[in-house]
Amino acid sequence: MQKKPEAPKKTLAAPVKPVAQDPIVPPKRAVQPIQLVRGMRDLLSPDAAYWKQSQDLARSLAATYGYDWIETPIVEETALFIRGVGKATDIVEKELYSWETQGGEHVSLRPECTASIVRAYIQHGMLNLPQPVKLWYSGPMFRHDRPQAGRFRQFYQVGFECLGEADAVIDAQLVIVSWNFLKELGIDATVRINSIGTPESRLNYKNALISYFRTKRNRLSEDDKRRLLKNPLRLLDSKDPNMVELKAEAPQIIDWLDEESKAHFMHVLEYLDEVGIPYQLDPYLVRGLDYYTKTVFELYANSMDQELAQSALGGGGRYDGLVELLGGRPTPAAGFAIGLDRVVSRLKELNPPTESERQVDVFLAQLGEMGRKKAVALFESFRQANIPVGEALAKASIKAQMEMANKRGAKYAIIIGQKEVLDGTAVIRDMDSGTQEIVDGKKVVHEIKKKLGLLTNESKSAGAAH
RNA sequence: GUGGCCAUAGUUCAAUGGUAGAACACUGGUCUGUGGCACCAGUUACGAGGGUUCGAUUCCCUCUGGCCACCCCA
Numbered sequence: 448m449q450k451k452p453e454a455p456k457k458t459l460a461a462p463v464k465p466v467a468q469d470p471i472v473p474p475k476r477a478v479q480p481i482q483l484v485r486g487m488r489d490l491l492s493p494d495a496a497y498w499k500q501s502q503d504l505a506r507s508l509a510a511t512y513g514y515d516w517i518e519t520p521i522v523e524e525t526a527l528f529i530r531g532v533g534k535a536t537d538i539v540e541k542e543l544y545s546w547e548t549q550g551g552e553h554v555s556l557r558p559e560c561t562a563s564i565v566r567a568y569i570q571h572g573m574l575n576l577p578q579p580v581k582l583w584y585s586g587p588m589f590r591h592d593r594p595q596a597g598r599f600r601q602f603y604q605v606g607f608e609c610l611g612e613a614d615a616v617i618d619a620q621l622v623i624v625s626w627n628f629l630k631e632l633g634i635d636a637t638v639r640i641n642s643i644g645t646p647e648s649r650l651n652y653k654n655a656l657i658s659y660f661r662t663k664r665n666r667l668s669e670d671d672k673r674r675l676l677k678n679p680l681r682l683l684d685s686k687d688p689n690m691v692e693l694k695a696e697a698p699q700i701i702d703w704l705d706e707e708s709k710a711h712f713m714h715v716l717e718y719l720d721e722v723g724i725p726y727q728l729d730p731y732l733v734r735g736l737d738y739y740t741k742t743v744f745e746l747y748a749n750s751m752d753q754e755l756a757q758s759a760l761g762g763g764g765r766y767d768g769l770v771e772l773l774g775g776r777p778t779p780a781a782g783f784a785i786g787l788d789r790v791v792s793r794l795k796e797l798n799p800p801t802e803s804e805r806q807v808d809v810f811l812a813q814l815g816e817m818g819r820k821k822a823v824a825l826f827e828s829f830r831q832a833n834i835p836v837g838e839a840l841a842k843a844s845i846k847a848q849m850e851m852a853n854k855r856g857a858k859y860a861i862i863i864g865q866k867e868v869l870d871g872t873a874v875i876r877d878m879d880s881g882t883q884e885i886v887d888g889k890k891v892v893h894e895i896k897k898k899l900g901l902l903t904n905e906s907k908s909a910g911a912a913h
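According to the numbering used here, the stretch in the first sequence is residues 448 to 913, in order.
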């Protein structure tokens, strides 16, 4: 190859008159590629196995623990979340995707699913079903938060909710299920658990906390002063080093629980002890949603190297007041949700993806137009026989096809060229040994079945009778 | 939402005030009858807009997106 292009380029360039009538320079690209919307992402095929693994496990746990499938809409009336999650929470205050529809409805993308489940429970009269009603869900949630690793604006949760039963054993079993979920995926996690009592006892505690911190007001950071006014419970998980000291002296919620909540919490812990679930009592654990009562818990990944910021994998608790708050009859309930995005990234770290691309046992290679035609038909025969076969029908070179066969880990390559078509045969190549045999073209599927050990005794004789 | 760092081929990374290279990947060839090797060739990028400048991918501003910390949580 000479450098011929030089000349034509110049001759082409010369006659172009710099008319410059249109100042718009032809763009390098026809159109600009469009970026992802902030905080959104594509889930791609190489990760499919991890998603499937966790979703399958959720499904099977649901079956064994007796949870029924439910899927609620992604869009709900905004009021559901304002009432359900709580007006003063971060989720509602600054993370809600809300808009007004053409019809004037005020709707939002769900930031979590519990409120929707409760709405469905009320709406479908599930209180008439045998109690408790146990439901599980899996799907995308949306929060307009600042994205970071492990934090997306559309993220996926799988959750279990148990409505209509107040007993502490429910709380315990929910912790057990969520723990088992992570455990069976091979994720080492810690349960942190606490009780925040009834709304009344919590209010008393809140007041005690406020008066305690008021006396230390001058030692609080601006941030913490704001929290003291807005959500004093949040002061407890402040990371300000100053707070560690102040916290130690602060009243603890445990001491402010009513007798019933205290007993309830003790029962929950006893059940957990019985099953041997490791947990940490965390007197500072208060969840960011208003609806929780009594038991609250969170699951954290135990990271091996450095402490990851986004290590919260899930959480849940009891929400005895929520059904009533959303217009149903007073109904006790509890549940949890686990963040699949973080679980999947954890799984991926734990079991790095293997190099294996789409593996097939058999690869079908063809040569020449006649061979290709035959191969198209033969591929269909394999499909009917339910045997996955790789192909590159659009490729002409046998070499390229053999490369592909190798890349996809095929044990056998079937080769059909001009010659085979004329003879009514096919070549089967053993990719490991490199040996080849010529078989009757009509029996290729049968031969491959035999080699792959897919023949039962019956089909063996059936194949022979053919 | 606040603050900081960052943005170059599909990916991981270079270089440069005079419009860009490598590796891997991809496509083709050596080789219309055979893969795991080798060699050769080729395609593909300065996130967007504005400013400074004779000239900007490089400097400045804005936007967009990513990462980190906070906030909060999954």
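Each residue gets a CB set at the ideal place from its N, CA and C atoms; glycine is no exception. The structure displayed is predicted, hence computed values, not measured ones.
Start and end residues, beta strand (DSSP E) containing residue i
i, result
"G837", "836-838"
"I861", "859-863"
"Y726", "726-728"
"V554", "553-556"
"Q601", "601-610"
"I875", "872-877"
"A759", "759-765"
"V790", "Taken as a continuous stretch (DSSP letters only), V790 belongs to no beta strand (DSSP E), being part of the alpha helix (DSSP H) at 787-797."
"V522", "522-524"
As assigned by DSSP and simplified to three states, the class of residue i
i, result
"V743", "strand"
"D887", "strand"
"K897", "helix"
"Q578", "coil"
"I640", "strand"
"A697", "coil"
"T511", "helix"
"Y544", "coil"
"V616", "helix"
"I529", "helix"
"P679", "helix"
"P493", "helix"
"M573", "helix"
"Q549", "coil"
"A841", "coil"
"Y568", "helix"
Check whether residue i and residue j have beta carbons under 7 Å apart
i, j, result
"I634", "R793", "yes"
"M573", "V565", "no"
"G818", "I785", "no"
"L746", "L760", "yes"
"I538", "P558", "yes"
"G764", "V743", "yes"
"T778", "G533", "no"
"L582", "I517", "yes"
"R649", "I657", "no"
"A636", "L719", "no"
Own chain residues within Cβ distance below 7 Å of residue i, not counting five before or after
i, result
"V886", "T872, A873, I875, E894"
"N651", "W703"
"V472", "Because the pLDDT at V472 is just 34, under 50, the model does not fix this residue reliably, and the point stays unresolved."
"A857", "V807, D808, V809, F810, G837, M878"
"D614", "none"
"C609", "P579, K581, I617, L621, A780, A781, G782"
"L675", "I657, F660, L667, L682"
"A860", "F810, A812, M849, A852, R876, M878"
"I724", "V622, I623, W626, V638"
"E884", "I875"
"S708", "S642, G644, T645, S648, K741"
"E631", "L504"
"V868", "M817, G818, K821"
Close beta carbons around residue i, own chain, < 8 Å, minus the five adjacent residues each side
i, result
"H591", "G486, K541, E542, L543, Y544, R600"
"S908", "For S908, the predicted structure reports a pLDDT of 48, less than 50, and the residue's modelled location is therefore unreliable. The matter cannot be settled from this model."
"Y731", "N641, L683, D684, K694"
"L483", "D489"
"L447", "Because residue 447 is not part of the residues shown, which for the chain are 448 to 913, the question remains open."
"N853", "M878"
"L772", "R530, G531, Y738"
"I569", "V770, L773, G774, G775"
Terminal residues of the alpha helix (DSSP H) in which residue i lies
i, result
"E721", "706-722"
"Q848", "845-854"
"S648", "646-662"
"Q831", "815-831"
"V770", "769-772"
Same chain, Cβ closer than 6 Å to residue i, neighbours up to 5 away in sequence not counted
i, result
"C560", "Y584, G606"
"G762", "E745"
"L797", "G633"
"Y726", "V638, I640, L719"
"K897", "none"
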